[in-house]
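**Student:**
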Amino acid sequence: MEFLRPASWADALAAKAERPGAVPIQGGTDVMVEINFDVRRPEALLDLNPVKELAEWDVADDGRLRVGAGVPYARLIAELGDRLPGLAQASRTVGSPQIRNRGTIGGNLGAASPAGDGHPPLLAGGAEIEVESARRGVRMIPAAEFFTGVKANALRDDELIRAFWIAPASGPQYFAKVGTRNAMVIAVCSFAVALHPERRRVGTGLGSAAPTPRRATAAEEFASAELDWTGRRPLDPAVARRFGELAAAAASPIDDVRGTARYRRHALAVLARRTLSWAWNDYVAGRRAS
Amino acid sequence: MAAPPRSPGRIAAPGLGGVGDSPPRPDGTLKVTGEFAYASDLWMDGMLWGATLRSPHPRARIASIDIGPALATPGVHAVLTHEDVPGEKVYGLDGTRDQPVLAIGEVRHQGEPVALVAADHPEIARRAMEKIAVEWEVLEPVTDPRAVIADPEGNRVQERGGICRYQPVRVGDVAQAKRRAEVVVSGEYEVGIQDQAFLGPESGLAVPAEDGGLDMYVSTQWMHNDLRQIAPCLGLREDQIRMTLAGVGGAFGGREDLSMQIHAGMLALRTGRPVKMSYNRYESFFGHVHRHPALMRYEYGATRDGRLLYADVEIVLDGGAYTSSTLNVTANAASLGVGPYEIPNISIDAYGVYTNNPPCGAMRGFGAVQACFAYESMMDKLAAACGIGPLEVRRRNAVRQGSRLATGQVIDSPAPLAELLDRLEAMPMPPPPGPSPDIRDLPGGASQTTHGEGVVRGVGYGVGLKNICFSEGFDDYSTARVRLEVIGGEPAALVHTAAAEVGQGLVTLQAQIARTELGVQRVTIHPADNRVGDAGSSSASRQSYMTGGAVKTACEAVRAELLARAGRRLGLDASGLSVRDGKIVARDAEVVASIEEILGGDAIEATREYHHRPTQRMDPVTGQGDSHNQLALCVHRAVVDVDVELGLVKVVELAAVQDVGKIMNPQALEGQIHGGTAQGLGLALMEEIQVTGGRVRNPSFTDYLIPTILDMPPMRLDIVEYPDPHAPYGLRGAGEPPTLSSTPAIVAAIRDATGRPLTRVPVRPEEISLPGGAA
Chain L
3 MEFLRPASWA DALAAKAERP GAVPIQGGTD VMVEINFDVR RPEALLDLNP VKELAEWDVA
63 DDGRLRVGAG VPYARLIAEL GDRLPGLAQA SRTVGSPQIR NRGTIGGNLG AASPAGDGHP
123 PLLAGGAEIE VESARRGVRM IPAAEFFTGV KANALRDDEL IRAFWIAPAS GPQYFAKVGT
183 RNAMVIAVCS FAVALHPERR RVGTGLGSAA PTPRRATAAE EFASAELDWT GRRPLDPAVA
243 RRFGELAAAA ASPIDDVRGT ARYRRHALAV LARRTLSWAW NDYVAGRRAS
Chain B
10 MAAPPRSPGR IAAPGLGGVG DSPPRPDGTL KVTGEFAYAS DLWMDGMLWG ATLRSPHPRA
70 RIASIDIGPA LATPGVHAVL THEDVPGEKV YGLDGTRDQP VLAIGEVRHQ GEPVALVAAD
130 HPEIARRAME KIAVEWEVLE PVTDPRAVIA DPEGNRVQER GGICRYQPVR VGDVAQAKRR
190 AEVVVSGEYE VGIQDQAFLG PESGLAVPAE DGGLDMYVST QWMHNDLRQI APCLGLREDQ
250 IRMTLAGVGG AFGGREDLSM QIHAGMLALR TGRPVKMSYN RYESFFGHVH RHPALMRYEY
310 GATRDGRLLY ADVEIVLDGG AYTSSTLNVT ANAASLGVGP YEIPNISIDA YGVYTNNPPC
370 GAMRGFGAVQ ACFAYESMMD KLAAACGIGP LEVRRRNAVR QGSRLATGQV IDSPAPLAEL
430 LDRLEAMPMP PPPGPSPDIR DLPGGASQTT HGEGVVRGVG YGVGLKNICF SEGFDDYSTA
490 RVRLEVIGGE PAALVHTAAA EVGQGLVTLQ AQIARTELGV QRVTIHPADN RVGDAGSSSA
550 SRQSYMTGGA VKTACEAVRA ELLARAGRRL GLDASGLSVR DGKIVARDAE VVASIEEILG
610 GDAIEATREY HHRPTQRMDP VTGQGDSHNQ LALCVHRAVV DVDVELGLVK VVELAAVQDV
670 GKIMNPQALE GQIHGGTAQG LGLALMEEIQ VTGGRVRNPS FTDYLIPTIL DMPPMRLDIV
730 EYPDPHAPYG LRGAGEPPTL SSTPAIVAAI RDATGRPLTR VPVRPEEISL PGGAA
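Structure, rendered in structure tokens:
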């Protein structure tokens with residue numbers, strides 16, 4: 003196995019174009035596990051750690067945050083937790099402190115696991131993924147179109163993930179994840195909600211409950227229409243319940259070693275109902291975010 | 010031959026603590042800083058790496074094996090199959106040699122070793138292994154242990170048959186008692202497969218010696234028993250194999266069976282090179298036995314006021330394809346099947362059976378853990394049926410000194426169960442949940458599944474009774490060699506045993522005993538090896554008792570000789586002398602000489618065996634007999650918060666009361682109780698090797714979950730000391746009992762919060778939250 007260490011982003015793109023089979027590695031919290039367990043034997047590893055700009059974030063001209071693919075969870079929590087509370091909550095549930103120091107959203111997106119904790123808040127927040135190739139340049143992929151199958155994403159062979167773009171929270175956001183342990187656990191199912199009061203929209207994302215992370219669009223439409231955005235009346239419990247049912251209906255869960263499909267649907271309904279209630283209560287109280 | 014770098018050497022035990030103190034662990038700093046040499050760190054220049062080809066099938070015939078392409082791989086030095094086993098081709102525990110070193114024509118469980126490779130690099134070995142072409146004839150696995158009992162012949166998975174051990178217990182007249190019972194309760198219970206989940210995977214190094222023998226560095230619980238199995242399979246005499254304990258990264262029973270020892274020995278003998286084998290985490294799940302899963306049916310009858318009249322019990326333990334510890338696990342389940350309660354009429358049928366499920370053997374509290382979940386669940390059922398409290402029903406039926414166990418054995422040392430329950434009841438309860446708690450204190454923890462919605466508090470109790478040391482007629486002993494001499498002008502003791510330090514703190518305790526008995530400060534612990542006699546296993550909560558007893562006895566012999574010399578030298582009666590703080594002291598506490606003055610340039614050395622009193626086999630028909638050496642009690646109270654909508658649990662507090670006879674080392678003891686309790690929590694809530702059709706579905710720490718610090722709550726402990734007159738220092742083995750009682754206490758607390766029956770552990774969220782449970 004070759005170990006490629008490009009010094010710059012341009013070199014990284016060139017290397018990827020030349021060696022489409024090279025697997026990019028950043029924190030190594032996922033790739034190294036697979037290699038150690040002999041699950042995959044990539045022809046080459048493309049180490050992105052020397053590409054320092056990947057570990058940076060800034061505010062773009064349109065006011066959105068552009069977060070480099072190499073920003074680890076721990077920094078995302080510390081530096082962007084106020085602007086991206088849903089993503090920060092999800093980041094806090096990732097692995098252990100050591101894993102959060104190394105693991106990145108870029109790696110999460112690269113692996114594209116249906117259970118990736120970062121995905122639901124990106125979906126709920128309407129993020130876009132910036133990918134690039136040496137030959138064709140930059141492409142912006144909406145998060146909702148990024149996940150194409152179980153552990154598959156929309157990246158082409160010569161493309162690398164540069165950053166994700168996401169608007170800072172304009173309203174309350176929540177992330178909740180069910181696992182059979184109180185920390186350091188892979189999701190049995192997860193749910194993210196984001197209120198966008200300026201657009202009177204509710205964003206959602208569900209994880210570990212379908213072949214890919216996905217939005218619960220019917221639930222979004224329903225809640226966006228039912229919620230009293232101007233009067234800020236308290237949430238009708240029947241609306242919260244229906245939102246939960248619609249969120250669960252958006253899932254296509256399976257039975258596996260972590261839980262049953264029946265439980266996943268049930269739990270998603272509970273998580274969706276609860277997180278919407280928390281978010282709406284914050285909104286009613288004038289709190290922007292948790 | 011010099012010891013390889015990165016293997017344990019002599020340990021100087023720091024601190025001054027004697028028996029009853031908590032000196033720092035001699036291996037503590039090394040382990041915390043990552044410098045301790047575990048078996049996976051063993052290294053020798055020029056060594057080869059061994060790898061094991063394992064069966065992907067739970068049951069299959071091997072039509073053919075072609076090792077040619079693997080052997081032709083550059084960097085590969087040997088590829089071996091069962092045909093290459095130099096001696097006996099089978100091994101096993103307790104003289105039951107039924108486990109092939111490498112599969113002979115048939116595999117009986119997923120992961121059974123089939124062939125070995127030695128290569129220059131582990132990756133070369135792995136890739137060569139994939140080139141070994143095996144032609145399989147896949148067979149339908151036997152996976153239902155009850156079907157084996159119904160038709161042992163038709164479901165025979167190996168020569169010994171379908172049932173490994175059937176052990177009945179018969180006391181009084183159950184049929185007659187059934188007619189008199191005013192209250193009858195019954196239940197069916199199930200325990201899933203728990204894994205020891207030790208962090209240090211199976212590893213070791215075999216080095217060929219000039220005499221044709223081997224130097225072996227192994228991570229094990231019982232070196233001498235390993236040797237008794239290794240030598241015949243390698244075709245060597247035991248004295249041709251020199252065993253040294255490598256750094257053990259946890260055991261919990263999972264290192265009682267051999268793993269890579271014979272394999273590395275075969276490869277080393279064949280290649281003439283040192284061979285290291287080290288499993289990765291995935292392989293480790295197939296490289297050791299697990300806790301027996303159990304199916305249990307219980308029926309209890311009692312008077313209206315909750316006094317037990319009879320117990321009618323069936324316990325089925327699935328041992329997998331080979332015997333391992335199943336004989337003893339079954340005996341424990343049978344003899345301790347109703348726990349520490351007086352019941353005049355008992356019928357227990359305990360079965361250990363062979364199947365093609367994963368192999369099971371020893372794990373902390375074996376046999377007793379499974380039964381404890383059932384009998385404690387039954388005690389709560391009985392309490393509810395009689396309208397009395399869970400503590401009261403236990404007190405009314407509690408054993409005490411002088412009570413008879415189900416085996417008829419009279420408990421001849423303190424067994425103050427009622428008092429332990431009183432003490433548990435007197436412990437303060439944790440405060441109720443606050444108005445806006447930290448999410449990490451709620452069910453779901455950091456994953457934020459609730460802000461308090463759906464959370465209901467519950468309280469439950471559990472009681473466990475465990476036999477300490479080996480039972481059923483086994484001549485259980487340990488050996489210690491103690492040497493006292495003057496080093497650098499200071500008296501120093503060297504303690505040498507073959508006892509395995511597996512993390513429990515035995516090396517600390519050995520030094521404490523030597524300090525107390527010899528009155529010296531400077532103590533060194535010799536590496537554990539087989540140049541000294543057998544120490545028995547670091548299991549059955551027995552090492553403080555047995556090796557502690559042996560070290561004490563050897564120290565007493567050294568001291569007696571020292572005092573005899575002092576008496577002769579000083580013209581005093583030796584019987585009036587004692588040692589204290591490095592001095593020889595007369596009866597009036599006057600210092601009469603220093604130890605170094607008496608010893609001069611001499612050394613005094615003594616080697617002693619310590620045997621516990623004899624025990625008896627259980628009668629094969631009635632189960633009667635004084636089968637146990639010592640019994641130990643622990644009681645737990647669990648307070649839990651349950652999210653009843655999602656089925657997630659936060660254990661808020663675990664309180665325990667345990668009688669340990671004598672506190673030898675407070676810190677190590679508390680660690681044992683904390684650790685045992687955590688392992689019981691794991692069984693209650695999350696730890697299970699999930700199996701379908703004989704195949705393991707979750708062989709990794711991604712999906713085999715063990716408790717984290719957010720799952721394990723703070724503990725409240727009350728440790729009681731009622732000395733056992735038969736035991737050294739009056740101590741009672743303490744490592745296993747907490748593992749028994751925490752599981753049923755936690756499940757009882759969840760039942761209290763949810764009203765769900767919860768008859769299976771680990772409890773799944775589905776069983777709490779879905780209408781009708783998980784079905």
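The listed protein sequences derive, respectively, from chains L and B.
Position in the first sequence counted from 1, then plus 2, gives you the numbering used here.
Position in the second sequence counted from 1, then plus 9, gives you the numbering used here.
In this text, a Cβ means the ideal position worked out from N, Cα and C, and glycines have one as well.
Computed from a prediction, not measured in an experiment: that's the story for all the values here.
Does the Cβ of R405 (chain B) have 16 or more other Cβ atoms within 10 Å, making it buried, or fewer, making it exposed?
**Tutor:** Working through the second sequence from its first residue, we reach residue 405 (chain B) at position 396. Buried, since its Cβ has 16 or more Cβ neighbours within 10 Å.
**Student:** How many Å lie between I485 (chain B) and N164 (chain B) at the Cα?
**Tutor:** On the second sequence, position 476 is the one that residue 485 (chain B) refers to. On the second sequence, position 155 is the one that residue 164 (chain B) refers to. According to the sequence displayed, residue 485 (chain B) carries Asp and not Ile. Distance between the alpha carbons of D485 (chain B) and N164 (chain B) is about 35 Å.
**Student:** With C-beta atoms as the reference, is K285 (chain B) less than 7 Å away from M56 (chain B)?
**Tutor:** Stepping through the second sequence from its first residue, residue 285 (chain B) is reached at position 276. Stepping through the second sequence from its first residue, residue 56 (chain B) is reached at position 47. Yes, Cβ-Cβ distance for K285 (chain B) and M56 (chain B) is below 7 Å.
**Student:** Report the residue ranges of all alpha helix (DSSP H) runs contained in full by the segment 674-705 of chain B; include only those spanning at least 4 residues, in chain order.
**Tutor:** Here the runs fully enclosed are 675-694.
**Student:** Who does I355 (chain B) pair with in a DSSP beta bridge?
**Tutor:** By one-based count along the second sequence, residue 355 (chain B) stands at place 346. DSSP output for I355 (chain B) lists B:V180 and B:A320 as bridge partner(s).
**Student:** Determine contact between the segment 173-192 of chain B and the segment 124-139 of chain B, defined as no fewer than three beta-carbon pairs at a distance below 8 Å.
**Tutor:** Result no; under three Cβ-Cβ pairs closer than 8 Å.
**Student:** So I271 (chain B) and L243 (chain B) are supposed to be a Cβ contact under 8 Å. How far apart are they, rounded?
**Tutor:** Residue mapping note: residue 271 (chain B) aligns to position 262 of the second sequence, counting from 1. Residue mapping note: residue 243 (chain B) aligns to position 234 of the second sequence, counting from 1. Between L243 (chain B) and I271 (chain B) the Cβ distance is about 6 Å, and since that is below 8 Å, they are a contact.
**Student:** Helix, strand or coil for P74 (chain L) per DSSP?
**Tutor:** Translated into positions along the first sequence, residue 74 (chain L) becomes position 72. If DSSP states are grouped into helix, strand and coil, P74 (chain L) belongs with the strands.
**Student:** Say whether chain B places a C-beta atom closer than 7 Å to the C-beta of G83 (chain L).
**Tutor:** In the first sequence, the residue the question calls residue 83 (chain L) occupies position 81. No - not a single Cβ of chain B is within 7 Å of the one on G83 (chain L).
**Student:** Name the chain B residues that come within less than 7 Å of M186 (chain L), Cβ to Cβ?
**Tutor:** In the first sequence, the residue the question calls residue 186 (chain L) occupies position 184. Chain B residues near M186 (chain L): T717.
**Student:** In chain order, which alpha helix (DSSP H) runs of at least 4 residues are fully inside the segment 185-266 of chain B?
**Tutor:** 232-243, all fully within the segment 185-266 of chain B.
**Student:** Taking T277 (chain L) as part of the alpha helix (DSSP H), name the residues at either end of that continuous run.
**Tutor:** To locate residue 277 (chain L), count along the first sequence from 1; it is residue 275. Note, T277 (chain L): alpha helix (DSSP H), A263 to V286.
**Student:** Please check if any C-beta of chain B sits within less than 7 Å of the C-beta of V286 (chain L).
**Tutor:** Numbered from its first residue, the first sequence carries residue 286 (chain L) at position 284. With 7 Å as the cut-off, V286 (chain L) does not count as an interface residue toward chain B.
**Student:** Using DSSP with H/G/I as helix, E/B as strand and the rest coil, what is S292 (chain L)?
**Tutor:** Position 290 of the first sequence, counted from the first residue, corresponds to residue 292 (chain L). Caution is warranted here: a pLDDT of 49 is assigned to S292 (chain L), below 50, making its placement in the model unreliable, and the coordinate value is therefore given only provisionally. Looking at S292 (chain L) - three-state DSSP - the assignment turns out to be coil, as it is neither helix nor strand.
**Student:** Which chain B residues are close to T106 (chain L), counting only those with a beta carbon under 8 Å from its beta carbon?
**Tutor:** For the purposes of this step, residue 106 (chain L) is identified with residue 104 of the first sequence, where counting begins at 1. Within chain B, no residue comes near T106 (chain L); the closest Cβ sits about 19 Å away, beyond 8 Å.
**Student:** Going along chain C in order, which residues have a C-beta closer than 8 Å to the C-beta of Y291 (chain B)?
**Tutor:** Looking at the structure shown, chain C is missing, and the protein chains on hand are L and B.
**Student:** Is the CB of A269 (chain L) under 7 Å away from at least one CB in chain B?
**Tutor:** Locating residue 269 (chain L) in the first sequence gives position 267, where the first residue counts as 1. Yes, its Cβ sits closer than 7 Å to a Cβ of chain B.
**Student:** Do you know whose CA, among B:G482, B:A502 and B:R704, lies nearest T624 (chain B)'s CA?
**Tutor:** Locating residue 624 (chain B) in the second sequence gives position 615, counting from the first residue. Minimum Cα distance to T624 (chain B) is reached at B:G482.
**Student:** Exposed or buried, K54 (chain L), counting other C-beta atoms within 10 Å across all chains shown (16 or more means buried)?
**Tutor:** Translated into positions along the first sequence, residue 54 (chain L) becomes position 52. Answer is exposed; the Cβ neighbour count stays below 16.
**Student:** Express the C-alpha separation of S287 (chain B) and D50 (chain B) in angstroms, rounding to a whole number.
**Tutor:** What you label residue 50 (chain B) is simply residue 41 of the second sequence in a count that begins at 1. What you label residue 287 (chain B) is simply residue 278 of the second sequence in a count that begins at 1. Approximately 9 Å between the Cα atoms of the pair.
**Student:** Just reading off the beta strand (DSSP E) that I71 (chain B) is part of, what are its end residues?
**Tutor:** Reading the second sequence from its first residue, position 62 is the one you call residue 71 (chain B). First-last of the beta strand (DSSP E) with I71 (chain B): A69 to D75.
**Student:** Please list, in chain order, the chain B residues whose beta carbon lies closer than 7 Å to that of T95 (chain L).
**Tutor:** Numbered from 1 along the first sequence, position 93 holds the residue referred to as residue 95 (chain L). The answer, in chain order, is A455 and S456.
**Student:** Ordered along the chain, which non-local residues of its own chain (more than five positions away) have a Cβ less than 8 Å from that of R92 (chain L)?
**Tutor:** Within the first sequence, the letter at position 90 stands for residue 92 (chain L). Per the sequence shown, residue 92 (chain L) should be read as Ala rather than Arg. The residues are D119, G120, P122, P123, F177, K179, S192 and A194.
**Student:** Compute the Euclidean distance between the alpha carbons of Q639 (chain B) and E526 (chain B), then round it to the nearest angstrom.
**Tutor:** Residue 639 (chain B) sits at position 630 when you count from the first residue of the second sequence. Residue 526 (chain B) sits at position 517 when you count from the first residue of the second sequence. Taking the straight line joining both Cα atoms gives about 24 Å.
**Student:** List the whole-angstrom C-beta distance separating V3 (chain B) from L608 (chain B), where the pair is believed to meet the contact cut-off of C-beta under 8 Å.
**Tutor:** It is not possible to answer for residue 3 (chain B), since the shown part of chain B is limited to 10 through 784.
**Student:** Which first and last residues belong to the beta strand (DSSP E) in which N38 (chain L) is found?
**Tutor:** Here residue 38 (chain L) is taken as the residue at index 36 of the first sequence, counted from 1. Segment V33 to N38 is the alpha helix (DSSP H) holding N38 (chain L); no beta strand (DSSP E) there.
**Student:** Excluding the 5 residues preceding and the 5 following G473 (chain B) in the sequence, name in chain order all residues of the same chain whose CB lies nearer than 6 Å to its CB.
**Tutor:** Reading the second sequence from its first residue, position 464 is the one you call residue 473 (chain B). Within the same chain, G473 (chain B) has close Cβ partners C381, C643, P746, L749 and S750.
**Student:** Note down, in chain order, each residue of its chain lying with its Cβ closer than 8 Å to the Cβ of A523 (chain B), except the 5 sequence neighbours on either side.
**Tutor:** On the second sequence, position 514 is the one that residue 523 (chain B) refers to. The answer, listed in chain order, is V491, A502, V504, V529, V532, V560 and C564.
**Student:** Between which residues of its own chain and L15 (chain L) is the CB-CB distance below 7 Å, once the five residues before and five after are set aside?
**Tutor:** Position 13 of the first sequence, counted from the start, is the residue given in the question as residue 15 (chain L). Contacts found: E134, S135, A136 and L162.
**Student:** Residues of chain B with a CB under 7 Å from the CB of L273 (chain L): which are they?
**Tutor:** Locating residue 273 (chain L) in the first sequence gives position 271, where the first residue counts as 1. T458, listed in chain order.
**Student:** So, at 7 Å on beta carbons, what are the nonlocal neighbours of S64 (chain B) in its own chain, with the 5 sequence-adjacent residues on each side left out?
**Tutor:** Within the second sequence, numbered from 1, the residue matching residue 64 (chain B) stands at position 55. A112, V116, Q119, G120, E121 and V123.
**Student:** Going along the segment 125-140 of chain B in order, which residues come within less than 8 Å of chain L, judged by CB to CB distance?
**Tutor:** Going along the segment 125-140 of chain B in chain order, one finds R135 with a Cβ nearer than 8 Å to chain L.
**Student:** Please list, in chain order, the chain B residues whose beta carbon lies closer than 7 Å to that of V259 (chain L).
**Tutor:** Taking the first residue of the first sequence as 1, we reach residue 259 (chain L) at position 257. Neighbours of V259 (chain L) on chain B, chain order: Q699, R706, N707 and D712.
**Student:** Identify whether A19 (chain L) lies in helix, strand or coil by the three-state DSSP scheme.
**Tutor:** Position 17 of the first sequence, counted from the first residue, corresponds to residue 19 (chain L). Three-state DSSP puts A19 (chain L) in a helix.
**Student:** When you compare the segment 323-330 of chain B with the segment 360-367 of chain B, are there three or more beta-carbon pairs, one atom per stretch, that lie closer than 8 Å?
**Tutor:** Yes, the segment 323-330 of chain B touches the segment 360-367 of chain B.
**Student:** Determine whether the Cβ of K153 (chain L) lies closer than 7 Å to any Cβ atom of chain B.
**Tutor:** Numbered from its first residue, the first sequence carries residue 153 (chain L) at position 151. False, the Cβ-Cβ gap to chain B never drops below 7 Å.
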